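In the numbering used here, the protein residues as written are 5 to 133.
In this text, a Cβ means the ideal position worked out from N, Cα and C, and glycines have one as well.
Only a predicted model underlies this, so the values are computations on that prediction, with no experimental measurement involved.
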């Protein structure tokens, strides 16, 4: 994980929030890059050990979703520079809502990914018991 300077008391609240959000986005993208790697292995395991077209389709769908969400997060990260320049409540609210929407999407995606991974492992264990 990348090292990020922690906020200091002399910084404005908006600057502190911006740093926190940036750190959070970095954490999300690093996690999702790891999910991409894991999915490559999980797809190969499924092909070699199960050969279940339905499971394969689910893994490919979650992989596609992971890549799309990762791209969205990278684009969002680039727009974060604009959030610092907000000077209205509407602007602040827009970036706050966008961040929360991205957080919810990330959390839902990771939950779905964990569920499909556990399902795959359980099917593999069933097959070899």
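Below 8 Å on the Cβ atoms is my contact criterion, and I expect residue 84 with residue 127 to pass it. Report the Cβ-Cβ distance as a whole number of Å.
Between residue 127 and residue 84 the Cβ distance is about 40 Å, and since that is not below 8 Å, they are no contact.
What does the Cβ neighbour count give for residue 36, buried or exposed, with the cut at 16 atoms within 10 Å?
buried
Taking only the alpha-carbon atoms, compute the straight-line gap between residue 98 and residue 114 and give it to the nearest angstrom.
24 Å
Distance check for residue 30 and residue 110, CA to CA, integer angstroms please.
12 Å
Just verifying my parser: in three-state terms, what is the DSSP assignment at residue 92?
Looking at residue 92 - three-state DSSP - the assignment turns out to be coil, as it is neither helix nor strand.
Under 8 Å Cβ to Cβ from residue 106, same chain only, skipping five residues before and after it: list those, please.
29, 32, 76, 77, 80
Report yes if the C-beta distance between residue 124 and residue 49 is below 9 Å; otherwise report no.
yes
Under the three-state reduction of DSSP, which class applies to residue 133: helix, strand or coil?
coil
Classify residue 46: buried if its beta carbon has 16 or more other beta carbons within 10 angstroms, exposed otherwise.
buried
Can you find the residues in the same chain that come closer than 6 Å, C-beta to C-beta, to residue 66, ignoring five residues on each side of it along the sequence?
117, 120
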